[in-house]
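Residue numbers (this note's numbering): 351 to 920.
What follows is a single structure, written as structure tokens, with notes after it.
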């Protein structure tokens, strides 16, 4: 049964260091050694930063500077230590703020000889520093991996200011990935919007025909909840083709649309109706159908799939309140004991576990239905990797799922983890998932475990892919002593050996149709088997071990597609 997912909101502690306005200059209690009135010069690199965001960053500095000056002129006894000033001269800058994450990209705009003498940080450093009212350590905000050592060193010397680097445990965390690259226009040019497979088409998060896609998706959802798999896939394919079409569909280019794959006469008639009325009759009729409404509501609950939804509907249940009474669940309260799954000897009762998941999903539905902003997803990942560093050093992670495809809000958090030791990493990650979940539970971060599985070898003959990686599907919440708002979220932890890490990342990045076509392409065009557990050649079971995400595409004979262009679903 599919799992539906969670959210939350991010708050940070506001703190302000005070110094005597009239007294002698003091060293403030912070990681910086600040000379009074000595501004930290900040250079913001425009590349890869949206103009609106660029303006916001500049205003952050200017507004804070005005506020600081006003406080000083008013004789305030509390003047923040944060003394920032924008500069357009990168050579004079102490800090370079950039959204660029790779050295070769940065070098297109700034000579590395100059850049490596500066602290190179992400925009988040500037935002968090202004928010907290103090100069935060740069080590946690390193923008370019090649610059990490330089950033730490340069923090100690620039403008008389003393930075400090985080501990080794704090440095462990997210891997720099191809997601951090700019989309390569030359690569996109090699893709074709009328290709048969969605893994050959560029599919943006929001396409020129998004309203049409949403209307057709209502019908796809209807087919899905009624168990009409073949029809559901047909609508999914049609949607994926429209998602990749680069122009707005009009009555003037409808003949061109007829040449696209997977758009049969029925779909084309729906498109024509939409162009005339802005609606599709079948979709609107479906939305008004009480059965569709009930089933659609039921499958929003974690643990309830289309089959179970239809069974519950057949029992006469129509609302979530009726489901709560049926399962004897009190809203907002979950007494289900799931931590026994951490017991290696525990024998799982599939039916009982499924009902348990439904009860938890129902009880926590108000929290689990909320979406998670990107910054919250990143906070969760940092926290989990920090806790993991107490158990095993040298692990790295990539946040996958909708987050990686560019969504501003995610329904859950998918974190793929491995060890950086290529030779011994597979031994080091074995059993680590269980240990991590146990620690997260002890620290108050994990309240429930919906599923826990161990490693199984990649099998070219196996058609079911679920248990090829070590993974835990959990319910995560910030502890009571955290500044974060306590909202329950779905967090999936996926542990992979180094040799299959990048196939796991690709597999868990999605989207659903993109992954479906990756598997189909591998089988039909390459005689290979692809899933998140690995790549193998079907005729002799030869295994392939990509060392990068691009290598995954290369092994499959595909042009690399940026994660944000893999949105082949509605």
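Cβ coordinates follow ideal geometry from the N, Cα and C atoms, glycine included.
Going by the CB atoms, is the gap between residue j and residue i shorter than 8 Å?
i	j	result
residue 882	residue 893	no
residue 478	residue 485	no
residue 544	residue 613	no
residue 824	residue 760	no
residue 552	residue 915	yes
residue 847	residue 768	yes
residue 633	residue 575	no
residue 749	residue 731	yes
residue 654	residue 708	yes
residue 917	residue 555	yes
residue 443	residue 391	yes
residue 625	residue 648	no
residue 408	residue 432	no
residue 901	residue 863	no
residue 866	residue 878	no
residue 771	residue 778	yes
residue 532	residue 398	yes
residue 858	residue 751	yes
residue 656	residue 598	no
residue 837	residue 717	yes
Assign residue i to one of three DSSP states: helix, strand, or coil.
i	result
residue 448	coil
residue 814	Reliability of the predicted coordinates at residue 814 is poor, the pLDDT of 42 falling under 50, and the value obtained from them is presented with this limitation in mind. If DSSP states are grouped into helix, strand and coil, residue 814 belongs with coil.
residue 395	coil
residue 702	helix
residue 751	helix
residue 666	coil
residue 734	helix
residue 710	helix
residue 678	coil
residue 791	helix
residue 411	helix
residue 564	helix
residue 642	helix
residue 591	helix
residue 531	coil
residue 783	helix
residue 684	coil
residue 571	helix
residue 659	helix
residue 872	helix
residue 477	helix
residue 892	coil
residue 910	coil
residue 884	strand
residue 845	strand
residue 904	helix
residue 606	helix
By a C-beta neighbour count over all protein chains shown, 10 Å radius and 16 as the cutoff for buried, is residue i buried or exposed?
i	result
residue 494	buried
residue 540	exposed
residue 366	Only weak support exists for where residue 366 lies, its pLDDT of 33 falling under 50; the value from the coordinates is given anyway. Flag for residue 366 reads exposed.
residue 683	exposed
residue 860	buried
residue 579	exposed
residue 439	exposed
residue 446	buried
residue 853	buried
residue 621	buried
residue 746	buried
residue 602	exposed
residue 665	exposed
residue 638	exposed
Judging by CA-CA distance, which residue of the options is the nearest neighbour of residue i?
i	options	result
residue 564	609, 541, 590, 546	590
residue 449	404, 461, 467	404
residue 594	580, 600, 548	548
residue 782	752, 756, 844	844
residue 856	446, 884, 703, 463	884
residue 741	758, 790, 724	790
residue 571	680, 645, 794, 738	645
residue 744	469, 558, 775, 666	775
residue 592	665, 398, 542	542
residue 725	468, 739, 457, 475	475
residue 870	906, 463, 617	906
residue 875	908, 585, 573	908
residue 588	402, 562, 600	562
residue 388	703, 651, 434, 451	434
Quick one: is residue i near chain C, going by C-beta distance under 8 Å?
i	result
residue 400	Of the chains in the structure shown, none is chain C; there is only one protein chain.
Meets three-Cβ-pair contact criterion under 8 Å: the stretch 795 to 802 and the stretch 761 to 770: Touching, no, given that fewer than three Cβ pairs across the two stretches are closer than 8 Å.
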